[in-house]
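Remarks on the structure that follows.
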Amino acid sequence: MIKALTITFVALLACVLVLGALIVAVRAVRLVTSRRQAALAAAPRRALLAFVAEGGEEGADELVAIPEPAWRAAEHTAVALLGKIRGEAQRALIAVFEQRGIAQSALVDLRARGAVRRARAAEALGNLGRRDAVPGLCALLDDPDAEVRVVAVRALGRIGAAAAAGPLLAALAGGREL
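The sequence shown begins at 77 in the working numbering and counts up one residue at a time.
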């Protein structure tokens, strides 16, 4: 009896130690990945801010030439920045997004399996003012994920297409929380 208890205790202790080591390893990998992404995104962020500060007059070619991994690391910042600027700088940044093919990939991502990808795609399309995305964004009004529905509503509001009014009202009348 005592032998069985000792074996059980040692087995549980081994499990706890293995799980503890696994938790430490996963956190270390996440920390390294996070730092690598931040370092990768630093230069594109500076280029984006300089581009916007100059009103989009210079630096578009530099933004288009940013390597894909570095752009992906800074893309969320670029999309958020796009929603905060107006005028020539916004039009110039939209042109950069179009040249990089962001709008086309966002149109495809509206049907992605992951809710985060769908929401990011909707945000990007709304900030880009893409009227051709209205049907896809209207389809997201029935998305199972509430956050995706909220982002779709915001995107439709930014685009301001009259064709979105009916689906928006229907979504409100449907009783599902936006």
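Where a beta carbon is used, it is the ideal one built from N, C-alpha and C, also for glycine.
TODO: Could you tell me whether the segment 199 to 218 touches the segment 230 to 237, using the rule of 3 or more Cβ pairs below 8 Å?
DONE: yes
- [ ] If I'm right that L186 touches L216 with Cβ under 8 Å, what's the distance once you round it to whole angstroms?
- [x] 7 Å
Open item on the list: Looking at the secondary structure, which residues open and close the alpha helix (DSSP H) in which L245 lies?
Closed with: A241 to A249
Task: Under 8 Å between C-beta atoms of R176 and V128 - done: no
Task: Pairwise C-alpha distance: V192 and G96 - done: 29 Å
Task: Opening and closing residue of the alpha helix (DSSP H) in which L216 lies - done: That residue, L216, is in no alpha helix (DSSP H); it is neither H nor E in DSSP.
Open item on the list: Contact defined as beta carbons within less than 8 Å: I believe A168 pairs with A123. What is the distance between those atoms, to the nearest angstrom?
Closed with: Contact flag wrong, Cβ pair sits at about 13 Å.
TODO: State the Cα-Cα distance for the pair L81 and R148, rounded to the nearest angstrom.
DONE: 53 Å
Open item on the list: On a Cα-Cα basis, can you pick out the residue from D219, G205, V172 and R206 that is closest to A195?
Closed with: D219
Open item on the list: Beta-carbon within less than 7 Å of R225's beta-carbon, same chain only, minus the 5 sequence neighbours each way: which residues are those?
Closed with: L216, L217, D219 and L254
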